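Letter by letter, the sequence shown follows residues 22 to 224 in this note's numbering.
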Amino acid sequence: MASKYYAVKKGLTPGIYRSWDECKAQVDGYSGASYKSFKTIEEAETFMGISELQSEKNENENETESCGVMAYVDGSYNVTTGEFSYGMIILRDGEEYTYSKKYTDSDLASMRNVAGEIKGAEAAMRYAVDNGLSQITIYHDYEGIAKWCTGEWKAGKPGTIAYRDFFNEVVKNLSIKFVKVAGHSNNKYNDIADKLAKEALGI
Numbered sequence: 022m023a024s025k026y027y028a029v030k031k032g033l034t035p036g037i038y039r040s041w042d043e044c045k046a047q048v049d050g051y052s053g054a055s056y057k058s059f060k061t062i063e064e065a066e067t068f069m070g071i072s073e074l075q076s077e078k079n080e081n082e083n084e085t086e087s088c089g090v091m092a093y094v095d096g097s098y099n100v101t102t103g104e105f106s107y108g109m110i111i112l113r114d115g116e117e118y119t120y121s122k123k124y125t126d127s128d129l130a131s132m133r134n135v136a137g138e139i140k141g142a143e144a145a146m147r148y149a150v151d152n153g154l155s156q157i158t159i160y161h162d163y164e165g166i167a168k169w170c171t172g173e174w175k176a177g178k179p180g181t182i183a184y185r186d187f188f189n190e191v192v193k194n195l196s197i198k199f200v201k202v203a204g205h206s207n208n209k210y211n212d213i214a215d216k217l218a219k220e221a222l223g224i
């Protein structure tokens, strides 16, 4: 049976879910709930009104593979050691792939867990490039992850400048969508990314 994407526009926690049970938990008993199931992530995102960041090149190219690859990323910080980390879960072709990594960088550590989320977003983009993908959707809970890339937020620190520049280079050949999710809101995959980031730091 083909997997579906369940878009909850109005519910306890709006977002896109991969199972009916998750969707139902957000809309059951919610007055005025608005939700719908779709066969593709693109249709679900259109229903949700999610904006897309896409390079001109990819807008004019025919896609050669399914564009349903999603990455959930989160960051963590250890106040005792000054280390930070990211956790990431990739959803691709019905499979789940988990990644995490910790860093020791005194300059970036000043941004605490945000530094980890930046590294997670970069890792998601790098995964897409390394695997020959033309598109990826990155789910994150810190709004700067998207806004430093769109220019809505000015990148003023070395870490955010490097992140913006990395995005500007990668997006020349990769269509990237950013979707903000509410942190610690019982979103299954965001919670997994959060757990992976903490485990990388031993916390």
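Here a beta-carbon is modelled for each residue, glycine too, at the ideal position from N, C-alpha and C.
Since the structure is predicted, the reported quantities are computational estimates derived from the model, not experimental observations.
Inter-residue spacing [alpha-carbon to alpha-carbon] between residue i and residue j
{"i": "Y148", "j": "H161", "result": "16 Å"}
{"i": "D126", "j": "G165", "result": "20 Å"}
{"i": "P241", "j": "F199", "result": "Outside the displayed span of the chain (22 to 224) sits residue 241, for which this structure offers no information."}
{"i": "Y51", "j": "F59", "result": "21 Å"}
{"i": "V100", "j": "D128", "result": "14 Å"}
{"i": "K219", "j": "D95", "result": "9 Å"}
{"i": "L222", "j": "I110", "result": "17 Å"}
{"i": "I182", "j": "K201", "result": "20 Å"}
{"i": "N225", "j": "A176", "result": "Within the shown structure, residues of the chain are numbered from 22 to 224, placing residue 225 beyond reach of any answer."}
{"i": "G137", "j": "L112", "result": "20 Å"}
{"i": "D42", "j": "S155", "result": "31 Å"}
{"i": "S196", "j": "G53", "result": "34 Å"}
{"i": "G36", "j": "F68", "result": "11 Å"}
{"i": "M132", "j": "S24", "result": "38 Å"}
{"i": "K140", "j": "Y120", "result": "12 Å"}
{"i": "V90", "j": "G153", "result": "12 Å"}
{"i": "E86", "j": "K123", "result": "Low local confidence applies: a pLDDT of 40 at E86 is under 50, so the model's placement there is unreliable, with the coordinate-based value given in what follows. Those two C-alpha atoms are separated by around 32 Å."}
DSSP three-state assignment for residue i, whether helix, strand or coil
{"i": "E173", "result": "coil"}
{"i": "K178", "result": "coil"}
{"i": "Y184", "result": "helix"}
{"i": "V192", "result": "coil"}
{"i": "E117", "result": "strand"}
{"i": "K60", "result": "coil"}
{"i": "S72", "result": "Residue placement at S72 cannot be trusted, given a pLDDT of 43 that sits under 50; the coordinates are not used to answer."}
Span of the beta strand (DSSP E), counted from its first residue to its last, around residue i
{"i": "Y148", "result": "Counting along the chain, Y148 falls outside any beta strand (DSSP E), though it belongs to the alpha helix (DSSP H) covering N134 to D151."}
{"i": "I111", "result": "F105 to R113"}
{"i": "D95", "result": "M91 to Y98"}
{"i": "K209", "result": "Premise fails: K209 lies in the alpha helix (DSSP H), K209 to L222, not in any beta strand (DSSP E)."}
{"i": "A54", "result": "Note, A54: premise wrong, no beta strand (DSSP E); not H, not E."}
{"i": "T158", "result": "Q156 to H161"}
{"i": "A28", "result": "Y26 to K31"}
Per-residue burial, residue i [other beta carbons within 10 Å of its own, 16 or more giving buried]
{"i": "E104", "result": "buried"}
{"i": "V135", "result": "buried"}
{"i": "Y107", "result": "buried"}
{"i": "E66", "result": "buried"}
{"i": "N189", "result": "exposed"}
{"i": "W21", "result": "No information on residue 21 is available, as it lies outside the stretch 22 to 224 that the chain covers here."}
{"i": "W116", "result": "In the sequence under discussion, the amino acid at residue 116 is Glu, which differs from the Trp named in the question. Per the 10 Å Cβ criterion, exposed."}
{"i": "E173", "result": "exposed"}
{"i": "G32", "result": "buried"}
{"i": "T171", "result": "exposed"}
{"i": "A28", "result": "buried"}
Boundaries (first-last residue) of the alpha helix (DSSP H) holding residue i
{"i": "T125", "result": "Where T125 is concerned, there is no enclosing alpha helix (DSSP H), given that its DSSP letter is neither H nor E."}
{"i": "K45", "result": "W41 to V48"}
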